[in-house]
Every structure is written in structure tokens, then in C-alpha cells.
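The numbering used here runs 11 ahead of the 1-based position in the sequence shown.
This report refers to the structure that appears directly beneath it.
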Amino acid sequence: AQGENYADEIFEMLDREADGSDSLEGFVLIHSIAGGTGSGMGSFLLEHINDRFPRKLIQTYSVFPLLTDTSDVVVQPYNSVLTLKRLTLNADCVVVLD
12 AQGENYADEI FEMLDREADG SDSLEGFVLI HSIAGGTGSG MGSFLLEHIN DRFPRKLIQT
72 YSVFPLLTDT SDVVVQPYNS VLTLKRLTLN ADCVVVLD
């Protein structure tokens, strides 16, 4: 829900940079999928970038949680599953980091 509050400002910056480039090839997104900001805001931006720039490549560097460690975040598995769905639908390339 917080992503929508900043969406206009963020996409104004993206549009300004895209208009100023000679040959925009795509976007790179770096985020974590376990926590709230990386999974929620990151996947929100990913989905909206894909909607706004459908012909541009989107590559993500996504930090996945370790399965062996216990997390302080109770909803970490839930965040991971929801973000993974958005990654598969909207990203052209996902580099998995652990």
C-alpha cells in the first residue's frame, strides 16, 4: 500500500530519465523478497514498470531468504511466494542471490 503513495513521484523520475536517454534498453531492479519494502515495493515497481514500458527488458537481482535460518519476519514465506509470482510474470531475467 505504501508503494502507491510514491508511485507518481517515482514514475515521473523514470519517465524523465527514459525521455532523456538516447536508446533505453531496459531496467535493472535490485531488491530482497523476504521483507516488506523489498518484496512489496519492489514487486509493485516491477509490475508497473512492465505495464508502462512493455517492450523494455527488465532484469532483477533478487535476494532470497536462506531456508536454514529462522526469520524475525513472520510473513517472510508469504512475502516470498507473492513476490516470486510477480517475478515470473513481469521480469525477463531474475538473478537469484542468497
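Quick reminder that beta carbons are idealized off the backbone N, C-alpha and C, glycines included.
Bear in mind that the values here come from a model prediction, so they are computed numbers and not experimental data.
Could you spell out where the beta strand (DSSP E) holding residue i opens and where it closes?
| i | result |
| --- | --- |
| T71 | L68 to V74 |
| L108 | C104 to L108 |
Determine the DSSP secondary structure at residue i, reduced to helix, strand or coil.
| i | result |
| --- | --- |
| S34 | coil |
| V92 | helix |
| I44 | coil |
| D83 | coil |
| L77 | coil |
With residue i as the anchor, note down where its alpha helix (DSSP H) starts and where it stops.
| i | result |
| --- | --- |
| D62 | G53 to R63 |
What does residue i pair with, by DSSP beta-bridge criteria?
| i | result |
| --- | --- |
| V39 | Q70 |
So, under 8 Å CB-CB, residue i and residue j are touching, yes? Tell me the CB distance rounded to an integer number of Å.
| i | j | result |
| --- | --- | --- |
| T71 | L57 | 7 Å |
| N90 | A45 | 6 Å |
Practice task
Check whether the stretch 22-35 touches the stretch 68-79, taking contact to mean three or more Cβ pairs, one atom from each stretch, closer than 8 Å.
Solution key: Because the criterion of three Cβ pairs below 8 Å is not met, the stretch 22-35 and the stretch 68-79 do not touch.
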